[in-house]
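So the working numbering is basically just the index in the sequence shown, starting at one, shifted up by 38. Where a beta carbon is used, it is the ideal one built from N, C-alpha and C, also for glycine.
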Amino acid sequence: DKARLIAGAKDAGVMAGAEAGAAAAATFAAGGDTKKARVLFVDDEERILNALRTLFRSQYHVFTAENGALALEFVKRFGIHVVVSDQRMPNMTGVELLRQVKDLSPNSVRMLLTGYSDLAAIVGSINEGEVFRFVKKPWDNEDMQKTIADAVAIAMELAAAPPAPAEPLAKLDASILVIDTSDALAEGLKSVLGGVAPIRLVASPEDALKALETEEVALIVADLSVGQDGLITLFKLLKAGHPEILSILVTEASDSELVIELINQAQIFRFLNKPIQVRQMRGHVEAALAKYRAFKQRPDLVRGQKPVESLQAKTSLWGAKLFERILRLPDRLFSRS
Numbered sequence: 039d040k041a042r043l044i045a046g047a048k049d050a051g052v053m054a055g056a057e058a059g060a061a062a063a064a065t066f067a068a069g070g071d072t073k074k075a076r077v078l079f080v081d082d083e084e085r086i087l088n089a090l091r092t093l094f095r096s097q098y099h100v101f102t103a104e105n106g107a108l109a110l111e112f113v114k115r116f117g118i119h120v121v122v123s124d125q126r127m128p129n130m131t132g133v134e135l136l137r138q139v140k141d142l143s144p145n146s147v148r149m150l151l152t153g154y155s156d157l158a159a160i161v162g163s164i165n166e167g168e169v170f171r172f173v174k175k176p177w178d179n180e181d182m183q184k185t186i187a188d189a190v191a192i193a194m195e196l197a198a199a200p201p202a203p204a205e206p207l208a209k210l211d212a213s214i215l216v217i218d219t220s221d222a223l224a225e226g227l228k229s230v231l232g233g234v235a236p237i238r239l240v241a242s243p244e245d246a247l248k249a250l251e252t253e254e255v256a257l258i259v260a261d262l263s264v265g266q267d268g269l270i271t272l273f274k275l276l277k278a279g280h281p282e283i284l285s286i287l288v289t290e291a292s293d294s295e296l297v298i299e300l301i302n303q304a305q306i307f308r309f310l311n312k313p314i315q316v317r318q319m320r321g322h323v324e325a326a327l328a329k330y331r332a333f334k335q336r337p338d339l340v341r342g343q344k345p346v347e348s349l350q351a352k353t354s355l356w357g358a359k360l361f362e363r364i365l366r367l368p369d370r371l372f373s374r375s
């Protein structure tokens with residue numbers, strides 16, 4: 039309600055007492071230091087919120103909410119830059135909250151915080167909430183501060199830039215690259231996408247890299263069974279060197295730790311379990327192509343794809359050679375309008 043919103047805003051340092059008393063019920067003109075980011079933590083455990091408030095309040099305007107409904111009101115009224123939500127809460131899960139935040143405030147950077155390896159929630163955080171990071175409880179304070187600082191830097195830059203104009207789904211010159219030993223997925227995509235983008239099929243990560251060296255690729259759709267270790271290394275290093283290229287992974291069975299790793303270190307756009315209904319996949323592919331178009335119009339948006347650095351991927355024998363080739367790929371994002 040209004041009183042809780044005002045109390046939360048005062049606690050975050052964005053509303054003085056006189057302003058609070060005069061605030062209208064419909065909206066709030068929040069004050070405070072406009073150079074300080076507004077970070078919202080959502081958790082049904084007060085001790086968690088207190089710990090996060092103590093850790094971050096000297097650096098940011100810190101908002102806290104113990105449920106999704108209050109969190110959404112803060113997002114609507116106070117221009118929140120970063121939202122960090124627990125997954126398991128009464129009435130509204132973290133994934134559902136972050137999905138709604140994405141719709142309400144697309145430039146708010148979203149993170150999921152949980153102590154549970156709940157696979158459905160982890161996958162949902164990618165496919166529905168498009169999270170920037172997945173953070174496991176108990177967190178390391180130094181790591182958490184660095185992650186929030188990265189999220190804030192991205193959110194502040196996005197907030198300062200004009201929005202990209204919305205455009206209908208038009209034909210792309212950039213390709214969709216399918217990595218699979220069967221042609222079923224590629225042919226299925228051709229049948230439902232109607233020539234929106236060229237679709238190229240390759241059978242291995244090495245062949246994928248050769249394709250990347252010769253043509254512009256907007257999206258990679260890969261079956262994880264095609265050399266899992268090689269694909270994982272490819273996606274991590276490709277996101278580090280060319281974060282504008284999006285990826286969808288298809289797999290027989292999901293491992294929660296692997297999915298978390300791929301969220302944080304490869305910024306996987308979607309993670310889909312077999313059997314795949316190609317028509318259902320159409321929406322995911324179209325969303326990826328729309329995001330790539332937005333990157334072309336506003337390259338600053340690519341900052342939101344920043345991954346956690348994977349030193350292991352870069353220093354492995356194949357990974358080191360692979361990363362050299364990735365860094366030599368043409369910078370096609372800026373080559374065309």
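Residue 124: not part of any alpha helix (DSSP H); member of the beta strand (DSSP E) spanning 120-124, first to last residue. Secondary structure note for residue 261: its beta strand (DSSP E) is the uninterrupted segment 255-261.
Between residue 265 and residue 243 the beta-carbon gap is near 6 Å, inside 8 Å, which marks them as a contact.
Its chain contains 351, 357 as the residues whose beta carbon lies nearer than 6 Å to that of residue 271, once the 5 sequence neighbours on both sides are disregarded; these appear in chain order.
Beta-bridge analysis with DSSP links residue 285 to 258.
Annotation: the stretch 322-372 contains the following complete segments of the alpha helix (DSSP H) (minimum length 4 residues), in chain order: 349-353, 355-365. For residue 143, no beta strand (DSSP E) encloses it, and the DSSP letter there is neither H nor E. Judged by DSSP in its simplified three-state form, residue 240 adopts strand. Within the model, the alpha-carbon separation for residue 281 versus residue 41 is close to 43 Å. Leaving aside the five residues that flank residue 257 on each side, the residues in its chain whose CB is nearer than 6 Å to its CB run, in chain order, 214, 284, 326. Per the DSSP secondary-structure output, residue 294 pairs with nothing in a beta bridge. The C-beta distance from residue 274 to residue 303 rounds to 5 Å, short enough to fall under 8 Å.
Here residue 199 is exposed, its C-beta having fewer than 16 other C-beta atoms within 10 Å. Each residue's CA atom was taken as its position, placing residue 175 and residue 151 some 7 Å apart. Bounds of the alpha helix (DSSP H) holding residue 271 are 266-279. Within a 10 Å sphere around the beta-carbon of residue 81 sit 16 or more other beta-carbons, which makes this residue buried. Between residue 181 and residue 129, the alpha-carbon positions lie close to 30 Å from each other. Non-local C-beta neighbours of residue 108 in its own chain, meaning closer than 7 Å and more than five positions away in sequence, comprise 42, ordered along the chain. The stretch 94-120 is shown to contain whole beta strand (DSSP E) runs of 3 or more residues at 99-103, in chain order. A residue is called buried once 16 or more other Cβ atoms fall within 10 Å of its Cβ, and residue 222, having fewer, is exposed. Within the model, the alpha-carbon separation for residue 234 versus residue 210 is close to 6 Å. Residue 269 is not a Cβ neighbour of residue 290, given a cutoff of 9 Å.
Following the DSSP letters along the chain, one finds residue 173 inside the beta strand (DSSP E) bounded by residues 171-174. Sixteen is the threshold: when 16 or more other Cβ atoms of the shown chains lie within 10 Å of the Cβ of residue 305, as they do, the residue is buried.
With 16 or more neighbouring CB atoms inside 10 Å of its own CB, residue 343 falls in the buried class. The DSSP-derived three-state label of residue 210 is coil.
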